[in-house]
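Undergrad:
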Amino acid sequence: MSGAAAAPAARTGRNDPCPCGSGRKFKQCCGAGRPTTAAVDRPRGPRPDRLNLGPLSEAGKRREAAEQLRRSIYGASTPRLNAGNAVGAGSATPARQQTEAAERFRRQGVGLFRAGKLPAAITALRQATRLNPADAGSHRALGLALLRSGRLAEATARLEGAIVLEEEVAIAHYHLGVALNGQGLTERAMAAYRRAVDLTPGLADGHRRLAALLETEGDAEEAEASYRRAAAADPDTTMGRLDEINALLLDDDPRQAEALLRQAIALDPSSDQLHKVLGDVLAVDGRFDEAIAAFDRALDLNPLQVGAHLAAVQVKKCTDADRPRLDRMLAVLDRAGIDDPHRVSLHFAVGKVLDDLAEYQPAMRHFDQANEIRRRTARFEGPGLAELVDRLAARYRPDFFAASEAFGLRDQTPLLIVGMPRSGTTLVEQIVTSHPAIASGGELRFWVKRVTPWGIAEATYLSAETGRDLAAEYLSLLRRIGPQAARVTDKAPFNYLRLGLIHLLLPMARIIHCRRHPVDTCLSIYFTFFKGRMDFAYAKADLAFAYRQYGRLMEHWRAVLPHDSFIEVDYENLIADPEAVTRRLIAFTGLDWHDACLQPERNKRTVKTASVWQARQPVYSTSVARWRRYEPWLGELRELLPQTQG
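Just so you know, we're using numbering that gives the first Met the number 0 here: the sequence shown kicks off at 0 and counts up by one.
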């Protein structure tokens, strides 16, 4: 960071011992390819952000895959495999007879695979790879058979081995992406899909799956572009039309998406997926009865359209009249062959209905089962989160802000709404954007995407010029959202991790912190199906730990941010006295009062979060003290109860 306020206290010479304690020279360790000031200010311990080395890191992965393949085939004592030279130097090429036998096993395995006899196919293909380890086709076929059998880790190893042997085969990268995604390895899966479509730009499924992952990760712009590529690669088909519809939805054009959906349904009325997406579009528009009818039509066409089961119960308060719907979902859960992602959706859906019916013990059982499945691929690093909170609190202090005024752009447009998910952020945004001078930005991903490079989140290597450029880029985004608006909201809850940087760069930005009873907040997270990954959300102990770290950081922001730029709103107070709290909120924005803010349920803005139904309802109190209904099954969440309630 340039300037006296943010420069490291001392410089480390390139030939000095590295401050990290490795024993090597700085230029050969932390200083390799970095400014000489970097290591002094670099926090100790594991690095929270990944450094994307592109082809270099991919080459390393390929070497690792080659070594794993070598060990699996030859054992530890034989020569190494190399990409393009499957049998290492000194290894004998398999005899012709052995090669022919391998080919027979490969053909046999492929035939068994096509006949749906996966165990026998895997056995035959294993024999083919043992007899001819250099045959990439056998490894690809074995990888696919393992993938279809749900043996994802084994499939990954075989497919990576096939790529080592023959790199430029798009379908191998595509299937590798499927295997990696099934294990929750999202970044690696996206890299595999990208390589697949680089090799074969017309691979529609590659673009489509990449788009879905990008959407889940919140990268709407790139997801939209990938959906459009998928549509172009698969024109005049139902899937291609769905891709175009998904691109329109990401471009915030639900009306055009609905029109195209109805045209697509006229062309293919038997597509359950089209009816399900139509229901999603109608739900976002607040047309819940029409949405449920569309979901039910999808289920009539395909009872295994699991997304429709979940969506249909999310857009209503279920009653005894919905017991047939509950029985239908339970019957699907009892079917053999339902994969884990579908089971997750069904358990959340069943739990939601049972919760609405006040059958709390079985509801908790289904929520536990849903989260248990999701936890299998979760990678929550509690110590890393705690360390990040420590570093942010150490960096962003009043003296640091006072000495770094050159970094800021003074503009009052940003109105940030932060807090834990399910803490009332959607309700607060619904209230304030009912004001005609406040535009809704929804959950923007700007800061998530911009602070990934090492040193930006903590303003360690951020120059004043780069900081002002970041602020200007953010303001430009907000003004595109609300060209005439005095304020534009950004309701990304996890921006609470970035409030120091945001205040540094935009000191006049206003921040609304939404708070709710800690156990109510955590239970609501635990009970909600989030499309994106939230690795701390799937175990009660992890939830409690993450909540405590959030609480520590918010206590710090409360102490260091100016009172005129930071306000806290308690969900329980908002429910108990909505007018008083709403008037306080609007006064905080610096705008004149407007009566529309007292009727947030009439706000017609698009709501895309899990609160899509709740946002259209008048303010209600049934979610206050919800935790008491689940008190016997709180587990580690009980630690978050105040002592008088524990």
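All C-beta atoms in this analysis are idealised placements derived from N, C-alpha and C, irrespective of residue type, glycine included.
As the structure is a prediction and not an experimental result, all values here were calculated from the model.
If you compare alpha carbons, which of G418, L143, L164 is closest to A154?
TA: As a first step, residue 154 must be located in the sequence shown, where it is residue number 155. Comparing Cα-Cα distances from A154 to each of G418, L143, L164, the minimum goes to L143.
Undergrad: With D489 as the anchor, note down where its beta strand (DSSP E) starts and where it stops.
TA: As a first step, residue 489 is located in the sequence shown; it is residue number 490 there, counting from the start. Segment 486–489, the beta strand (DSSP E) holding D489.
Undergrad: Identify every residue that forms a DSSP beta bridge with V417.
TA: Translated into the one-based positions of the sequence shown, residue 417 becomes position 418. DSSP, once it has assigned bridges, lists H512 as partnering V417.
Undergrad: Say yes only if the C-beta of G176 is nearer than 6 Å to one or more non-hydrogen atoms of the ligand GDP, and no if none qualify.
TA: As for the ligand GDP, it is missing from this structure, which has no ligand bound.
Undergrad: Whose C-alpha, out of G466, L273, T432, is nearest the C-alpha of T236?
TA: Along the sequence shown, one-based indexing puts residue 236 at 237. The residue with the shortest Cα to Cα distance from T236 is L273.
Undergrad: Throw me the rounded Cβ distance for the L408 and A471 pair, which I believe falls under 8 Å.
TA: Counting from 1 along the sequence shown, the entry for residue 408 is found at position 409. Counting from 1 along the sequence shown, the entry for residue 471 is found at position 472. Yes, they are in contact, since the Cβ atoms of L408 and A471 sit about 6 Å apart, within 8 Å.
Undergrad: Using DSSP with H/G/I as helix, E/B as strand and the rest coil, what is L633?
TA: As a working note, residue 633 is residue 634 in the sequence shown. Reduced to three states, the DSSP call for L633 is coil.
Undergrad: At 4 residues or longer, and completely inside the segment 310–384: list those alpha helix (DSSP H) runs for me, N to C.
TA: 322–332, 339–355, 359–374
Undergrad: Using CA atoms only, rank isn't needed, just tell me which of R625, D333, M533 is closest to H516.
TA: Within the sequence shown, numbered from 1, the residue matching residue 516 stands at position 517. Considering only alpha carbons, the answer is R625.
Undergrad: Provide the residue span of the beta strand (DSSP E) that contains F565, from first to last.
TA: Residue mapping note: residue 565 aligns to position 566 of the sequence shown, counting from 1. Here the beta strand (DSSP E) through F565 covers 565–569.
Undergrad: Put A438 into one of helix, strand or coil per three-state DSSP.
TA: Here residue 438 is taken as the residue at index 439 of the sequence shown, counted from 1. DSSP places A438 in strand when its eight states are reduced to three.
Undergrad: Does the beta-carbon of K539 have 16 or more other beta-carbons within 10 angstroms, so that it is buried, or is it exposed?
TA: For the purposes of this step, residue 539 is identified with residue 540 of the sequence shown, where counting begins at 1. Counting Cβ neighbours within 10 Å, K539 comes out buried, since at least 16 surround it.
Undergrad: Within 10 Å of its beta-carbon, does Q313 have 16 or more other beta-carbons around it, so buried, or fewer, so exposed?
TA: In the sequence shown, the residue the question calls residue 313 occupies position 314. Flag for Q313 reads buried.
Undergrad: Measuring only the C-alpha atoms, how far is A211 from A222?
TA: In the sequence shown, counting from the first residue as 1, residue 211 sits at position 212. In the sequence shown, counting from the first residue as 1, residue 222 sits at position 223. Those two C-alpha atoms are separated by around 7 Å.
Undergrad: On the criterion of 16 or more Cβ atoms from any shown chain inside 10 Å, does P482 qualify as buried, or is it exposed?
TA: As a working note, residue 482 is residue 483 in the sequence shown. Classification for P482: exposed.
Undergrad: If you draw a straight line from the alpha carbon of L309 to that of L298, how long is it in whole angstroms?
TA: In the sequence shown, counting from the first residue as 1, residue 309 sits at position 310. In the sequence shown, counting from the first residue as 1, residue 298 sits at position 299. If I take the Cα positions, the gap works out to 11 Å.
Undergrad: Apart from the five residues on each side of it in sequence, which residues of its chain come closer than 8 Å, Cβ to Cβ, to V450?
TA: As a working note, residue 450 is residue 451 in the sequence shown. Cβ neighbours of V450 beyond the five flanking positions: A456, R497, L500.
Undergrad: Evaluate the contact criterion for the segment 589–596 versus the segment 523–537: three or more CB pairs, one atom per stretch, below 8 Å.
TA: no
Undergrad: Within the same chain, show all residues whose beta-carbon is closer than 6 Å to that of R46, passing over the 5 residues directly before and after it, in chain order.
TA: In the sequence shown, residue 46 corresponds to position 47, counting from 1. Bear in mind that the predicted position of R46 carries a pLDDT of just 34, short of 50, making it unreliable; the figure below should be weighed with that in mind. Sequence-distant partners of R46 (beyond 5 residues in either direction) whose C-beta falls short of 6 Å from its own C-beta are missing from its chain.
Undergrad: Candidates W446, A293, P253, P382: which alpha carbon is nearest D218's?
TA: Taking the first residue of the sequence shown as 1, we reach residue 218 at position 219. Answer by Cα proximity: W446.
Undergrad: Contact between the segment 337–347 and the segment 358–370 is defined here as three or more beta-carbon pairs at a separation below 8 Å; is this criterion met?
TA: In this structure the segment 337–347 touches the segment 358–370; the number of beta carbon pairs closer than 8 Å is three or more.
Undergrad: Need the endpoints of the alpha helix (DSSP H) that T128 sits in, please.
TA: Counting from 1 along the sequence shown, the entry for residue 128 is found at position 129. That run of the alpha helix (DSSP H) goes 117–130.
Undergrad: Within 10 angstroms of the Cβ of L329, are there 16 or more other Cβ atoms? Answer buried if so, exposed if not.
TA: As a working mapping, residue 329 is identified with position 330 in the sequence shown. With fewer than 16 Cβ atoms within 10 Å of its Cβ, L329 is classed as exposed.
Undergrad: Alpha carbon to alpha carbon, how far is R105 from R157?
TA: Taking the sequence shown and counting its residues from 1, one reaches residue 105 at position 106. Taking the sequence shown and counting its residues from 1, one reaches residue 157 at position 158. Cα-Cα distance, rounded: 14 Å.
Undergrad: For D541, which residues from the same chain have a beta carbon less than 6 Å from its beta carbon, with the 5 sequence-adjacent residues on both sides left out?
TA: Residue 541 sits at position 542 when you count from the first residue of the sequence shown. Excluding positions up to five away in sequence, the list reads F379, F535.
Undergrad: Give the range of the alpha helix (DSSP H) segment to which T237 is assigned.
TA: Within the sequence shown, residue 237 is the residue found at index 238, counting from 1. It spans 237–249 - the alpha helix (DSSP H) in which T237 sits, taken as one unbroken run.
Undergrad: Can you give the Cα-Cα distance for Y307 and G550, rounded to whole angstroms?
TA: Along the sequence shown, read from residue 1 onward, the residue named residue 307 stands at position 308. Along the sequence shown, read from residue 1 onward, the residue named residue 550 stands at position 551. The displayed chain sequence assigns Ala, not Tyr, to residue 307. Spanning the two alpha carbons is a distance of roughly 36 Å.
Undergrad: What is the rounded straight-line gap between the Cα of S439 and the Cα of R113?
TA: Within the sequence shown, residue 439 is the residue found at index 440, counting from 1. Within the sequence shown, residue 113 is the residue found at index 114, counting from 1. Straight-line Cα distance between these residues: approximately 51 Å.
Undergrad: Over what stretch of residues does the alpha helix (DSSP H) that includes E257 continue unbroken?
TA: Within the sequence shown, numbered from 1, the residue matching residue 257 stands at position 258. Taken as a continuous stretch (DSSP letters only), the alpha helix (DSSP H) holding E257 covers 253–266.
Undergrad: What did DSSP end up calling T588 once you bin it into helix, strand or coil?
TA: Reading the sequence shown from its first residue, position 589 is the one you call residue 588. The answer is helix: DSSP assigns T588 an H, G or I state.
Undergrad: Tell me which residue opens and which closes the alpha helix (DSSP H) that N180 is part of.
TA: On the sequence shown, residue 180 is found 181 positions in, with the first residue counted as 1. Unbroken alpha helix (DSSP H) run through N180: 169–181.
Undergrad: For D576, name the three-state secondary structure that DSSP assigns.
TA: Numbered from its first residue, the sequence shown carries residue 576 at position 577. In the displayed model, D576 falls within coil according to three-state DSSP, outside both helix and strand.
Undergrad: Thinking just about the alpha-carbon of each residue, which of Q255, D271, S433 is nearest to the one in R486?
TA: On the sequence shown, residue 486 is found 487 positions in, with the first residue counted as 1. For R486, the nearest C-alpha among the options comes from S433.
Undergrad: Helix, strand or coil: how does DSSP classify L461 here?
TA: Numbered from its first residue, the sequence shown carries residue 461 at position 462. Reduced to three states, the DSSP call for L461 is coil.
Undergrad: Where does E630 land, buried or exposed, given buried means 16+ other C-beta within 10 angstroms?
TA: On the sequence shown, position 631 is the one that residue 630 refers to. The residue in question, E630, is exposed, as its Cβ has fewer than 16 Cβ neighbours within 10 Å.
Undergrad: Going by C-alpha to C-alpha distance, which of R373, G350, R334 sits closest to C317?
TA: Here residue 317 refers to the residue found at position 318 of the sequence shown. Minimum Cα distance to C317 is reached at G350.
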